[in-house]
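Residues 1 to 673 (full-length UniProt numbering) are what the sequence shown spells out, left to right. Every residue, glycine too, gets a C-beta built ideally from N, C-alpha and C. Reading through the structure tokens given below for one structure.
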Amino acid sequence: MYSAAAAAASPPRRDFISVTLSPEEVVGASGYNNSKAWRRRSCWRKWKQLSRLQRSVILFLFAALAVCGVISYTSVGEPWKSLTNKSLDDQRTDPEIPGLKLANPVVLPAPQKADSKLGEYPELSPQKLPKPPHVRRGPSNLQIKPPWKDVRLKTQHDTSRIVKEPVQADKEEKMEKTVISWRGAVIEPDQSTEPPSSKIKEPEKPSSVEGEDQKEPVPINERQRAVIEAFRHAWKGYKDFAWGHDELKPLSKSYSEWFGLGLTLIDALDTMWILGLKEEFEEARKWVADNLVFDKNVDVNLFESTIRILGGLLSTYHLSGDSLFLEKAKDIGNRLMPAFKTPSKVPYSDVNIGRGTAHPPRWTSDSTVAEVTSIQLEFRELSRLTGDEKFQKAVDEVMKHVHTLSGKNDGLVPMFINTNSGQFTHLGVYTLGARADSYYEYLLKQWIQGGKKENELLEDYMRAIEGVKKHLLQRSQPKKLTFVGELAHGHFSAKMDHLVCFLPGTLALGAHNGLMADHMKLAEALIETCYQMYAQVETGLSPEIVHFNLHAQKGHKDVEIKPADRHNLLRPETVESLFYMYRFTGDKKYQDWGWEILQNFNKYTRVPTGGYTSINNVQNPSNPEPRDKMESFFLGETLKYMFLLFSDDIDLINLDKYVFNTEAHPLPIWAPA
């Protein structure tokens, strides 16, 4: 019973068949099943089973894909980044001056490394700005003789323009540098000429191109006559009391020596030629021929002797065609060359022109940036005239070195550079005043001098002007004058040197040579400020330094003057910029402003017995406290720019043929547009 019941309750018997499948059949039938066999066949095991060559090829392909991805991301992201930056910049745009952005007065970004190249900047066509009426030149005894033209460059340039259109498609295929844009200014590469070379094959000579440049003289106007009278009065004091010496002391009827090389006389040579003072010029020429000797045991400042003596001699040679001045220029040029014998090729500040030795100042091994970068126009021209490449090579090396240096802030440079290391020192301080000013001026002027082909110079100039807009521009109260301040370790100072008033003229010159139109807008705003630095002062003469009020205060003007800054040295910078502004716009107000300044010089600085004197206190009309010194640049620059400002003759030192050095000595443009 028990066995039968148990048998009845037990489940029916089941039979099983065992089937063994290969791993390939399992995969094909049901896919991945997480079995140990499958895991052994994982990707890692298969990777390990590859040969070393196969793995290397795969890794290389993955790396190439990653690099391509990064490049693609950068190229796609940059437009978005630029749009974002533009939007942020627009938020700080000054509504009253299109394109003008005001500086942040507090925050200074950390100094950046040397700026990378932005592209190439070829020759540009001048902007079409209104010009004053064209009249024939005067005075009657003025004959400006331009230098020998570079026929080879001119012919090559003209030929390229003739064939430009028929071969445009072919040129586009061969061009290595494409059209570039600098914040809206489209600049097309010019393939017509090679950049100027420091290798000079043969010397250039002046030429009296009578058919081209000899024009009918016309009588000069009354304001120009007033400048001539002022020059003759200053020259009388120099001739009577300081003949052949560096500078006149008009009150004590004596002289002062700096180098003992007749600085005032040499600085004034081309001014006399331009003013048509033939008798005075011949007297000065005789002194140069008989008495100017450079073989003397004396230390001279490289910068000052270059811009005043070398520049003055070269300019006078070009205007007069007299080889005496070129011979003297070659002599002083050779004697200044030991300054470049430094470990870094950045020149020493001082040279003994008799012993042939050079050294830094006694208190430091630094040179100022402005001094080592504002001797290029003169040395380059000396190479062109003599056929000796060493002069240009030395100064070009300095510019190329500075171009690569770190420590700049959006194109703005520190004030000092070490002659041993070649590096900037005293980092974090940026100004367009003393010790840095003419660096920016010579960036543009070298580019113009060389026929607008040296693109690194233009690149550095454009960067610097953007840096000025970003970091140094502010507006004063109550008249909202646009001014250029200073930065010191992130702190903005509303301090502006009178030296900075070179900038409106430089900006206008750049705009005339095809740079962005907003440079002219900024120039117009800044020259108004420079004029107010005179107009808001009791004597109508500007102090050496002003501080601007950033906040409106009852009873306060825009301009504040500290006791230590209230002297006037008869400086030329504002008159210089007035000349450029009038030459390029034809606006008579610039002549009127210059006339006011000349009248105030006559009222407060003129010495009855001859000469003009710098003064200690521009705020005291009853006693301006004369300093008993007439700087050489009063004759070399201030009165020269006055005379040119009051002229309506654009061919009187035509700015498409000449470029002024920082001491107002005109030198020829090598390949005029």
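Inset, instruction - Pick out the complete alpha helix (DSSP H) segments inside the segment 606 to 672, 4 residues or longer, and give them in chain order. - result: 639 to 645
Legend entry - Cα-Cα separation between S647 and G586, rounded to whole angstroms: On the sequence shown, position 647 is the one that residue 647 refers to. On the sequence shown, position 586 is the one that residue 586 refers to. Spanning the two alpha carbons is a distance of roughly 11 Å.
Inset, instruction - Report the three-state DSSP secondary structure of Y348 (helix, strand or coil). - result: For this step, residue 348 is matched to residue 348 along the sequence shown. Three-state result, Y348: coil.
Inset, instruction - Give the DSSP-derived three-state secondary structure of S315 in the structure shown. - result: The residue given as residue 315 occupies position 315 in the sequence shown. Here S315 sits in helix by DSSP.
Inset, instruction - Starting from the Cα of F391, find the closest Cα among V402, M399, E378 and give me that residue. - result: Position 391 of the sequence shown holds residue 391. It is E378 whose Cα lies nearest to the Cα of F391.
Legend entry - Member of L550, T306, M272, V298 whose CA lies at the smallest distance from the CA of R355: In the sequence shown, the residue the question calls residue 355 occupies position 355. Nearest of L550, T306, M272, V298 to R355, Cα basis: V298.
Legend entry - Proximity below 8 Å, CB of L310 to CB of L382: Along the sequence shown, one-based indexing puts residue 310 at 310. Along the sequence shown, one-based indexing puts residue 382 at 382. Closer than 8 Å, so yes.
Inset, instruction - Please report the Cβ distance between E576 and Y641, rounded to the nearest whole angstrom; I am assuming they are in contact, meaning their Cβ atoms lie under 8 Å. - result: Counting from one through the sequence shown, the residue named residue 576 turns up at place 576. Counting from one through the sequence shown, the residue named residue 641 turns up at place 641. Sure, about 5 Å apart at Cβ, within 8 Å.
Legend entry - Exposure label - R55; buried when at least 16 CB within 10 Å: Your numbering for residue 55 matches position 55 in the sequence shown. It counts as exposed.
Legend entry - Where M516 sits in the DSSP three-state scheme: The residue labelled residue 516 in the question sits at position 516 within the sequence shown. Reduced to three states, the DSSP call for M516 is coil.
Legend entry - Nearest residue (CA-CA) to T404, options F416, G321, Q423, E389: By 1-based counting over the sequence shown, the position of residue 404 is 404. Here the closest residue by C-alpha is Q423.
Inset, instruction - Give me the Cα-Cα distance between L541 and F601, rounded to the nearest whole angstrom. - result: Indexing the sequence shown from 1 puts residue 541 at position 541. Indexing the sequence shown from 1 puts residue 601 at position 601. If you take the alpha carbons of L541 and F601, they lie about 8 Å apart.
Legend entry - Stretch pair the segment 660 to 672 + the segment 310 to 330: three plus CB contacts closer than 8 Å: yes
Inset, instruction - Please list, in chain order, all residues of the same chain as L503 whose beta carbon is under 7 Å from its beta carbon, the five residues on each side excluded. - result: Here residue 503 refers to the residue found at position 503 when the sequence shown is read from its first residue. The residues are L432, V484, L526.
Legend entry - Endpoints, beta strand (DSSP E) assigned at A488: Residue 488 sits at position 488 when you count from the first residue of the sequence shown. Residues 486 to 488.
Inset, instruction - Determine which residues share a DSSP beta bridge with V300 and list them. - result: Numbered from 1 along the sequence shown, position 300 holds the residue referred to as residue 300. The partner list for V300 (beta bridge, DSSP) reads V351.
Inset, instruction - Quick one: using the 10 Å Cβ neighbour count with 16 as the cut-off for buried, is K249 buried or exposed? - result: What you label residue 249 is simply residue 249 of the sequence shown in a count that begins at 1. The residue is buried, with at least 16 neighbouring Cβ atoms inside 10 Å.
Legend entry - Secondary structure of Q143, DSSP reduced to three states: Working through the sequence shown from its first residue, we reach residue 143 at position 143. Confidence at Q143 is low in this model, with a pLDDT of 43, below 50, so its placement is unreliable and the value that follows should be read with caution. Coil at Q143, not helix or strand.
Inset, instruction - Taking 8 Å as the cut-off, decide whether the C-beta atoms of Y439 and V413 are in contact. - result: Against the sequence shown, residue 439 aligns to sequence position 439. Against the sequence shown, residue 413 aligns to sequence position 413. Result yes, Cβ atoms of Y439 and V413 sit closer than 8 Å.
Inset, instruction - Would you give the residue range spanned by the alpha helix (DSSP H) that T306 belongs to? - result: Along the sequence shown, one-based indexing puts residue 306 at 306. Counting along the chain, T306 falls outside any alpha helix (DSSP H), and DSSP gives it neither H nor E.
Inset, instruction - Can you give me the Cβ contacts of P626 inside the same chain, cut-off strictly under 7 Å, excluding the 5 residues immediately before and after it? - result: Taking the sequence shown and counting its residues from 1, the one referred to as residue 626 is at position 626. L251, T613, I615.
Inset, instruction - Could you say which of P338, L269, K453, S367 lies nearest to G321 if we only look at CA atoms? - result: As a first step, residue 321 must be located in the sequence shown, where it is residue number 321. Among P338, L269, K453, S367, the Cα nearest to that of G321 is on L269.
Inset, instruction - Verify whether the separation of the beta carbon atoms of M496 and V546 is less than 8 Å. - result: For the purposes of this step, residue 496 is taken as residue 496 along the sequence shown, with counting starting at 1. For the purposes of this step, residue 546 is taken as residue 546 along the sequence shown, with counting starting at 1. Yes.
Inset, instruction - Confirm, please, whether the CB-CB distance from L265 to T306 is below 8 Å. - result: Within the sequence shown, the letter at position 306 stands for residue 306. Within the sequence shown, the letter at position 265 stands for residue 265. Cβ atoms of T306 and L265: not closer than 8 Å.
Legend entry - Beta-carbon gap between W235 and E280 smaller than 8 Å: Taking the first residue of the sequence shown as 1, we reach residue 235 at position 235. Taking the first residue of the sequence shown as 1, we reach residue 280 at position 280. In this structure, E280 lies closer than 8 Å to W235 by Cβ.
Legend entry - Opening and closing residue of the beta strand (DSSP E) in which M496 lies: Taking the sequence shown and counting its residues from 1, the one referred to as residue 496 is at position 496. From DSSP, the beta strand (DSSP E) with M496 extends over 495 to 497.
Legend entry - Within 8 Å, strictly: CB atoms of V346 and V398: Walking along the sequence shown from the start, residue 346 turns up at place 346. Walking along the sequence shown from the start, residue 398 turns up at place 398. In this structure, V398 lies closer than 8 Å to V346 by Cβ.
Inset, instruction - Have a look at the DSSP bridge pairing and note the partners of V546. - result: Numbered from 1 along the sequence shown, position 546 holds the residue referred to as residue 546. For V546, which the question treats as bridged, DSSP gives the partners M496.
Legend entry - Buried or exposed by the 16-neighbour rule on C-beta atoms within 10 Å, applied to D366: The count along the sequence shown starts at 1 and reaches residue 366 at position 366. The residue in question, D366, is buried, as its Cβ has 16 or more Cβ neighbours within 10 Å.
Inset, instruction - Measure how close the beta-carbons of residue 677 and L499 come, nearest whole angstrom, since I'm counting them as under 8 Å. - result: In the structure as shown, the chain begins at 1 and stops at 673. Residue 677 is therefore absent and cannot be evaluated.
Inset, instruction - List the endpoints of the continuous beta strand (DSSP E) containing T368. - result: Numbered from its first residue, the sequence shown carries residue 368 at position 368. Here the beta strand (DSSP E) through T368 covers 366 to 368.
Legend entry - Those runs of the alpha helix (DSSP H) which lie wholly inside the segment 413 to 491 and span at least 4 residues: 437 to 449, 455 to 471
Inset, instruction - Identify every residue that forms a DSSP beta bridge with E560. - result: The residue given as residue 560 occupies position 560 in the sequence shown. Paired residues: H547.
Legend entry - Contact set for residue 681: own chain, Cβ-Cβ below 8 Å, skip 5 residues either direction: With the chain covering only 1 through 673, there is no way to say anything about residue 681.
Legend entry - Own chain, CB closer than 6 Å to D565, minus 5 neighbours either side, in chain order: Counted from its first residue, the sequence shown places residue 565 at position 565. Closer than 6 Å at the Cβ level, and outside the excluded window around D565, lie P543, E544, I545.
Inset, instruction - Pick out whichever of L578, N301, F241 has its Cα sitting closest to the Cα of L259. - result: To locate residue 259, count along the sequence shown from 1; it is residue 259. According to the sequence provided, residue 259 is Phe. The question's Leu does not apply to it. The candidate whose alpha carbon is nearest that of F259 is N301.
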